[in-house]
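Each protein sequence line maps, in turn, to chains U and P. Counting from 1, one number per residue, gives the positions in the first sequence under our numbering. Counting from 1001, one number per residue, gives the positions in the second sequence under our numbering. All remarks here apply to the structure that follows.
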Amino acid sequence: MTENILTFSPKEKQELARLQSLPGKTIGTGLLEDKKFILTKEGRAGLEKINSALSELGCETFNQINHSGWYPVSCNLISYFLARKLFNWNDETMKEMGKNSPKVSLLMRSMAKYFISAEKLFGTASLYWKKFYDVGALEPVELNMKQKYCLLSLKNFPGSELFCRHLEGVFEIVSSFLNYKKIRCEEIQCLLKGQGESHIFKITWKE
Amino acid sequence: MPEQEINIITKEFEDLSEYIQDLWHFLPLPIFSMSPQGIILDTNNAFETLAGWTLPEAIGEPLDYFFSAEEAKEIISKTLQKKSLRSYEAKLKTKTKEHIAVAVYAQTRTDKKGDIIGFFAAIIDIRENKKFQEELEKRVKEKTREIRGKTQELEASGKALMNILEDVEEAKRNAEAEKNKTLAIITNFADGLLFFDKNSELSLVNPQAEIILNIKKENIIKRAIAELASSPIIGQIISLFDDKKQIILRNEIEIREGQNLEASIIPVMIAEEFLGTMVIIHDVSREKLIEKMKTEFVSLAAHQLRTPLSAIKWTLRMLLDGDLGKITEEQKSFLQKTYASNERMIRLINDLLNVARIEEGKFIHKLTPTLISEIIKTVISSFQDKMDLKGIDFKYVLPKGKIPLANLDAEKLNIAITNLLDNAIDYTPDNGKITIELSFDKRKIQFIIKDSGIGIPKDQQHRIFSKFFRGENVVKMETDGTGLGTFIAKNIIEAHNGKIWFESEEGKGTSFYFTLPL
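Structure follows, in structure tokens:
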């Protein structure tokens, strides 16, 4: 049995309400990747804690998720919200969870054939996105091999700041499959901050 | 597609996915998958067990994170080249920074178009094999080294053996040459030479021996001593052998009328080992003849001289005693000097006659039981006046108990003692000391005459018993002696089977000793 420990500030409540209102679905395998990270990081007790909170907020718990099932993307974002709230995770931890995700992803392994070149990898960004989400669109904006950077744009999906950190981790690690060194991914434009109509992520590297 | 069918497919996909995951992690063989760039995309539990890297730690890392850059490059290039890689030996870097010997197997993954989309790889821990192989190689190396060492030893032994063989050959040649040389010496040796081996067989006869003994080598060679002992000539030589085979003997034998040989019997030994007996035969017939002729001449001359000298002696005696008329003191003085000179001449002639008799072997006539002390007493009394005249302090020390009789030629022993006492008086200064001491035991009588005279110079002592020897210090002070006294004394004592010797120190005196058997 879990104890009701959740109390939210008005601002948190406002953010929760925004997240719950977001449309779209995400595939279970992505959620299960997050589940593995939580288990590694916080143990079974941590997982139970977040499951309980998810349940209280009307979301399916991690234990109810199947690889190939599709689940509300709002619950995915709420789980990040709860992780910060319950475990005090900072931006770096969120990014770390994002980095962990492709490593344990079965879907990612099936995409190994695209990890041949930057052109091919970034060219499949849309496909990648669609394998995980049925909302929004991820598109390559610019690939500059000379200056060793790439710009990816996430459109039509506001997400959350924590989700953006998570994506930074994901993009960093996926880029590392090209055997680039010192890869960094940074969101340089955020839709939530009113900086434009999409999120823009810049990935840089050194060979 | 109806939702029901989608759900069924989705369910099957999930089941299949779980099955693959379970199988992947169940496999005891460490396996991993890689992107075409060599980035690790997946590992299994066995990989984690072997390398220590967890799945999240390993995934996303390049292959050279787990192998050396060179090995990683080779694994990929070789796999790409043949689409598969079999048993590539490499060192896996573990989380604990160990380097594990592994064999890498890899295979490319291709899409429907045939494009390479990644790799599957497996690694086998070959540490035990490697260890066994290294141990085996080490042992093989050791054995090889051992065999090489043995081979070298054998080669060295072979060389040493060849050297030894060469040395032996050379030694054999040298020995052969030496043998030939020795044989040449033996063949050309002026004296006859016989050699009886340790089995008492005659093994060597040189040509000179054949000539001297007038025998044929082939008649006597290889024959045993026992057989040859009955031979009239060689038998005489064999009769001289010492049974103990230990001492060198030299004897003269007359093998025929007028043929005298000096045979030296020499035991040949190497350390304690007796090798045989060598006989050197020297023909002394000519020397013997000359000696005999010389002795006969001396004897004849002495006899011829002594008769007129005796006549002169008695004539002078009569003149000195006044039997032929009164003579003046001056005449008497001249006659006395002439008488003394005549006496010396007679004494010399007597000595020469004695020597001649000694050399003829006719000196000792008859041995009869005699009391030696009486002979000594007679000699002492004949010299009493002379000793008194020089003021000699003389002592005659007799032993306690009854002196035994000895078989002696009294006349000759008298001569020997006379010579010794006469010398002692002559070479002892006035007021000196002379002692005669007699002693005996069950086997012998010992005579000692000790003086405090001028002594015999050390460098001349070896000649003291030679004929006509006179010490340099004696010649300076005394001219009367003939140099025959000790020679005669020695021959007389030895003719009685006795022994004579002396001890002397120049300026302090001399002691003569002789023993006679009882």
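In this text, a Cβ means the ideal position worked out from N, Cα and C, and glycines have one as well. Keep in mind that this is a model prediction, so the values were computed, not measured.
Check	Outcome
Cβ-Cβ separation, L1092(P) to I1123(P) (assumed contact under 8 Å), whole Å	6 Å
8 Å Cβ cut-off: residues of chain P touching V213(U)	Residue 213(U) lies beyond the range of chain U shown here (1 to 207); nothing can be said about it.
Alpha carbon of G1060(P) to alpha carbon of C59(U), nearest angstrom	32 Å
8 Å Cβ cutoff met for G1455(P) and G1509(P)	yes
Length of the line joining the Cα atoms of E1287(P) and E1257(P)	15 Å
The ligand SAM heavy atom lying under 7 Å from the CB of T1482(P)	Summarising the ligand content, the structure contains no ligands, and the ligand SAM is consequently not present.
Neighbour flag for R165(U) against chain P, beta carbons, 8 Å	no
Residue environment, W1314(P), which counts as buried when at least 16 other CB atoms sit within 10 Å	exposed
Exposure of V1355(P), with buried meaning 16 or more beta-carbon neighbours within 10 Å	buried
Completely contained beta strand (DSSP E) runs for the segment 1401 to 1431 of chain P, where each covers 3 or more residues	1406 to 1408
contact_flag[the segment 61 to 68 of chain U, the segment 1003 to 1014 of chain P] where n(CB pairs < 8 Å) is 3 or more	yes
Beta-carbon neighbours of I116(U), restricted to chain P and to distances below 7 Å	P1036
Cβ shell of F1514(P) (< 6 Å), same chain only, five flanking positions each side left out	F1447, I1493, G1498 and I1500
Limits of the unbroken alpha helix (DSSP H) element including G1453(P)	No alpha helix (DSSP H) holds G1453(P); DSSP gives it neither H nor E.
Residue range of the beta strand (DSSP E) that includes G1276(P)	E1273 to D1283
Cβ separation of M1345(P) and L1309(P), assumed to be a contact under 8 Å, to the nearest whole Å	6 Å
I1312(P) - DSSP class collapsed to helix/strand/coil	helix
Cutoff 8 Å: F1013(P) Cβ touching any chain U Cβ	yes
Neighbouring residues, chain P, relative to R44(U) (Cβ below 9 Å)	Under the 9 Å cutoff, chain P gives no residues; its nearest Cβ is about 18 Å from R44(U).
Cα-Cα separation between T1428(P) and I1403(P), rounded to whole angstroms	29 Å
CB-CB length for K1433(P) against D1451(P), believed under 8 Å	7 Å
Range of the contiguous beta strand (DSSP E) that encloses A1122(P)	I1116 to D1125
Enclosing beta strand (DSSP E) for L1194(P) [first to last residue]	G1192 to D1197
Partner residues on chain U for T1079(P), Cβ-Cβ distance less than 8 Å	What T1079(P) touches in chain U: nothing, since even the nearest Cβ is about 15 Å away.
Cβ of I203(U) within 8 Å of any chain P Cβ	no
Closest residue to G194(U) among F177(U), G159(U) and I173(U) (Cα-Cα distance)	G159(U)
Unbroken beta strand (DSSP E) run spanning Y1065(P), endpoints	Segment: none, Y1065(P) is in no beta strand (DSSP E) and carries neither H nor E.
Secondary structure of C164(U), DSSP reduced to three states	helix
Short Cβ contact (8 Å threshold) for A1046(P) with F1066(P)	no
Distance, S1035(P) Cα to K13(U) Cα	44 Å
Beta-carbon spacing of R1223(P), L1194(P) below 8 Å	no
Classification of I1006(P) by the beta-carbon crowding that lies within 10 angstroms, buried from 16 upward	exposed
Nonlocal neighbours in the same chain, by C-beta distance under 7 Å from L1405(P), ignoring five residues either side	P1369, T1370 and L1371
Chain P residues whose Cβ lies nearer than 9 Å to that of R184(U)	Result: empty, since nearest Cβ-Cβ is about 14 Å, beyond 9 Å.
Residues near L77(U) in its chain [Cβ-Cβ closer than 8 Å; skip 5 each side]	L19, L22, G159, S160, L162 and F163
Residue-chain proximity (K113(U), chain P), Cβ-Cβ < 8 Å	yes
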